[in-house]
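In this note's numbering, the protein residues as written are 29 to 224.
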C-alpha cells in the first residue's frame, strides 16, 4: 500500500446506506475512496485529512474510527453476523456459528467470544440471537411472509420457539406484534446499548 493510501476501520457501519454515507463524507473531505466495505474504507489522497478531523466528522453522523486491535476484531464479528443475517440468502445455523466465525477470522471461537464479551458485555451467541430477533421483527413488520417461513429462514427451532421469543422479549404474540401500531424495531448500531 502506498504512503498516501490508508485503511480506516469504522464503527457502526451496518448497512449499504452506511457505506454510501461514509463514502460521501470522506469524499467531501477530499479523500479518494478506493473501496468501502461494512466496517472499513480504503482512502487515497495526496492530502489525507488528519485522523482527528475524520473522527470528528464521522462521529457527527453516528460513526466512529476504530483504532485498537480488540475493537477492530469485535466490530468485524458484529459485521460478519449482521451481514449473514440481513444480507445473505443462506444463513449460518446456530450449530455452525462457531465454525463460521473461526473460518472468517482465523481465530479460535473461545478467544473471539472472550474479546467480544470484554467489549460488549454480552456473548457472541446472545448478540446473534438479538440480531436474529431484529430480523424477524423486520420481516414480520412487512407482513409479506408467514411466521413459519421466517422461522425456517432464521433458523428458529419451531414456530413455537419464535412465538416464545416474542412473548419473552416484547410480551406480545407474533400476531399482536404484526398488528400493533408501535414499531418495536431497534437500530442495529444501538442494539447492544439497548438490550431487550
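We put the beta carbon where it would ideally sit given N, CA and C, even for glycine.
Since this is a predicted model, take the numbers as computed values, not measurements.
Requested in this report: Determine the burial state of residue 58: buried for a count of at least 16 other Cβ atoms within 10 Å of its Cβ, exposed for fewer.
Outcome: exposed
| said: Can you list, in chain order, the residues of its chain with a C-beta nearer than 8 Å to that of residue 90? Leave out the 5 residues immediately preceding and following it. | reply: Closer than 8 Å at the Cβ level, and outside the excluded window around residue 90, lie 40, 217.
Collapsed DSSP secondary structure at residue 135 in the structure displayed = coil
- Query: To the nearest angstrom, how far is it from the Cα of residue 125 to the Cα of residue 183?
  - Reply: If you draw a straight line from the Cα of residue 125 to the Cα of residue 183, it comes to about 11 Å.
Practice prompt. Classify residue 164 as buried or exposed, calling it buried when 16 or more other Cβ atoms lie within 10 Å of its own Cβ.
Written response: buried
*Kindly indicate the opening and closing residues of the alpha helix (DSSP H) around residue 116.*
No alpha helix (DSSP H) contains residue 116, which DSSP labels as neither H nor E.
Open item on the list: Using only CA atoms, which one of 94, 107, 50 lies nearest to residue 219?
Closed with: Residue 219 has its Cα closest to that of 107, out of 94, 107, 50.
- prompt: Rounded to a whole number of angstroms, what is the C-alpha to C-alpha distance between residue 51 and residue 82?
  reply: 12 Å
Backbone CA spacing between residue 38 and residue 62 [nearest angstrom] = 15 Å
Name the DSSP bridge partner or partners of residue 33? 72
- Query: Per DSSP, residue 93 is paired with what?
  - Reply: 38
* To do: Would you identify the three-state DSSP class for residue 219, choosing helix, strand or coil?
  => Three-state result, residue 219: helix.
Check your understanding: By a C-beta neighbour count over all protein chains shown, 10 Å radius and 16 as the cutoff for buried, is residue 185 buried or exposed?
Key -> exposed
Are the CB atoms of residue 148 and residue 155 within a distance shorter than 8 Å? In contact: residue 155 and residue 148 (Cβ atoms closer than 8 Å).
TODO: Quickly, what does DSSP pair residue 65 with across the bridge? List them, please.
DONE: 68
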